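Beneath this line is the structure, given in structure tokens, with notes to follow.
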Amino acid sequence: MANNNNNKTVVPGAKQALNQMKLEIANELGMSNYQQADKGNLTARENGYVGGYMTKKLVEMAEQQMSGKQQ
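In structure tokens form, the structure reads like this:
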């Protein structure tokens with residue numbers, strides 16, 4: 006199957022950090038083999054949890070940065 010990923014990283018240097026964050030979140034959610042897993046065989050719910058938690062954490066980080074409070 007062809008890779009239909011059209012997502013582009015706005016800040017190219019952040020790609021590695023985002024991938025690491027994705028793996029950490031998947032691990033927190035109990036998906037310890039997420040990096041090796043065939044994402045096409047995961048349910049939409051499983052993939053959605055990872056993306057949803059990533060978005061939630063990124064929004065929290067941005068809000069803290071905008072308010073002048075760092076973690």
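Residue numbers (my numbering): 6 to 76. Cβ atoms here follow ideal geometry from the backbone N, Cα and C, with glycine treated the same way. Being a predicted model, the structure only gives us computed values, none of them experimental.
Touching by the beta-carbon criterion (3+ pairs, under 8 Å), the region 54-62 and the region 18-36 = A contact exists between the region 54-62 and the region 18-36.
Go through its chain and collect everything with a Cβ distance to residue 54's Cβ below 6 Å, but skip five positions before and after it.
-> 34.
Check residue 69 in the structure and name its three-state DSSP category.
-> In the structure shown, residue 69 falls within a helical segment according to DSSP collapsed to helix, strand and coil.
Tell me where the alpha helix (DSSP H) around residue 21 begins and ends.
-> 20-33 is the extent of the alpha helix (DSSP H) around residue 21.
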